[in-house]
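Which chain is which? The protein sequence lines are A and B, in order. Basically the numbering used here = 1-based index in the first sequence + 4. Basically the numbering used here = 1-based index in the second sequence + 5. Beta carbons are placed, not taken as given, at the ideal position from N, Cα and C, and that holds for glycine. Note that the structure is predicted; figures quoted are calculated from it, not measured.
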Amino acid sequence: EIVLTQSPDFQSVTPKEKVTITCRASQSIGTTLHWYQQKPGQSPRLLIKFASQSFSGVPSRFSGSGSGTDFTLTINSLEAEDAATYYCHQTDTLPWTFGQGTKLEIK
Amino acid sequence: QVQLVESGGGVVQPGRSLRLSCAASGFTFSRHGMHWVRQAPGKGLEWVAVVWFNGNNKYYADSVKGRFTISRDNSNNTVDLQMNSLRAEDTAVYYCARDIGITMMHSDYWGQGTQVTVSS
């Protein structure tokens with residue numbers, strides 16, 4: 005199966021800071037990589053689909069890039085409400101897999 | 006708006022069965038594949054199964070293959086997950102999720118989840 009490795013596992017950041025989360029796939033997956041946000045006690049919410057396409061209703065400060073094996077989620081000008089765990093997810097090959105998650109804490 | 010409401014979770018002994026259901030509304034159910042994804046306590050997300058729009062194609066994670074069965078009823082807008090021979094490691098919150106397409110592209114909307122606890 006395709007293993008997705010996110011970096012970092014945890015990050016403590018201040019509001020208005022720029023945040024970058026990376027996701028590396030164990031083999032090339034084109035752009036079939038998606039990003040989800042999960043707040044405590046809530047279900048995951050789709051942020052970015054196919055590596056760089058913003059999902060409907062997602063604030064413009066969230067953006068994604070990458071292809072092949074290396075992907076990035078960027079949050080510009082972080083807000084307090086962005087405290088959450090972020091997951092990358094590949095749908096190139098069954099079984100579909102998720103990264104281990106990156107937890108963002110707001111200072 | 007898209008709504009997915011899971012039900013059927015609970016506490017069950019190892020080796021027993023449980024059936025989860027997900028009621029969908031706010032979209033044309035028969036035009037979307039449907040998924041189940043689970044999350045063990047304090048852990049990450051694990052894709053479990055998918056059923057295509059017409060119910061004819063189904064795929065499973067290796068960890069549940071042969072024990073779990075996904076099915077759908079397009080007349081009632083529901084998707085079910087029949088879980089047999091349950092194990093402690095199946096303990097998780099189970100989410101129902103809609104696929105953006107008729108088969109399996111990726112999920113966009115998720116329900117709030119239902120808790121399954123396998124314990125003696």
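Close Cβ partners of G13(B) (< 7 Å) along its chain, the five nearest in sequence each way excluded: Walking along the second sequence from the start, residue 13(B) turns up at place 8. Within the same chain, G13(B) has close Cβ partners L23, R24, L25, S26, T119.
8 Å Cβ cutoff met for L50(A) and D86(A): The residue labelled residue 50(A) in the question sits at position 46 within the first sequence. The residue labelled residue 86(A) in the question sits at position 82 within the first sequence. Contact: no.
Backbone CA spacing between F32(B) and Q6(B) [nearest angstrom]: Mapped onto the second sequence, residue 32(B) falls at position 27. Mapped onto the second sequence, residue 6(B) falls at position 1. So the alpha carbons of these two residues sit roughly 7 Å apart.
Against chain B: residues of the region 78-90 of chain A by CB proximity under 7 Å: Those residues of the region 78-90 of chain A that come within reach of chain B (Cβ to Cβ, closer than 7 Å) do not exist; the list is empty.
Rounded Cβ spacing between Q15(A) and Y91(A) (contact assumed at less than 8 Å): To locate residue 15(A), count along the first sequence from 1; it is residue 11. To locate residue 91(A), count along the first sequence from 1; it is residue 87. Incorrect: roughly 14 Å between the Cβ atoms, too far for contact.
Test: Q104(A) CB closer than 8 Å to a CB of chain B: Along the first sequence, one-based indexing puts residue 104(A) at 100. In terms of beta-carbon proximity, Q104(A) lines the interface with chain B, with at least one pair separated by less than 8 Å.
Own chain, CB closer than 6 Å to A102(B), minus 5 neighbours either side, in chain order: Within the second sequence, the letter at position 97 stands for residue 102(B). Excluding the 5 residues flanking it on each side, A102(B) has same chain C-beta neighbours closer than 6 Å at H40, V42, S112, W115, in chain order.
Closest Cα partner of Q46(A) within the set S35(B), Y100(B), N81(B), N59(B): Within the first sequence, numbered from 1, the residue matching residue 46(A) stands at position 42. The residue with the shortest Cα to Cα distance from Q46(A) is Y100(B).
Sequence-distant residues of its chain with Cβ nearer than 7 Å to S32(A) (five each side left out): Within the first sequence, residue 32(A) is the residue found at index 28, counting from 1. Cβ within range, chain order: G72, T73.
Counterpart residues of V62(A) in DSSP-defined beta bridges: If you number the first sequence from 1, residue 62(A) lands on position 58. Residue pairing by DSSP places V62(A) opposite no residue, since no beta bridge is assigned to it.
Nearest-angstrom Cα separation, counted from I75(B) out to K63(B): Position 58 of the second sequence, counting from 1, holds the residue named residue 63(B). Position 70 of the second sequence, counting from 1, holds the residue named residue 75(B). Distance between the alpha carbons of K63(B) and I75(B): 7 Å.
Candidates P19(B), R92(B), L91(B), V84(B), of which the one nearest D104(B) by Cα: Taking the second sequence and counting its residues from 1, one reaches residue 104(B) at position 99. Looking at the Cα atoms, V84(B) is the closest of the given residues.
Contact test: M110(B) Cβ vs the ligand ATP heavy atom, cutoff 7 Å: As far as ligands go, the structure on display features none, and thus does not contain the ligand ATP.
Contact with chain A by L50(B), beta-carbon distance below 8 Å: For this step, residue 50(B) is matched to residue 45 along the second sequence. Interface with chain A (8 Å Cβ-Cβ cutoff): L50(B) is included.
CB of W57(B) within 8 Å of CB of T96(B), strictly: Numbered from 1 along the second sequence, position 52 holds the residue referred to as residue 57(B). Numbered from 1 along the second sequence, position 91 holds the residue referred to as residue 96(B). Contact: no.
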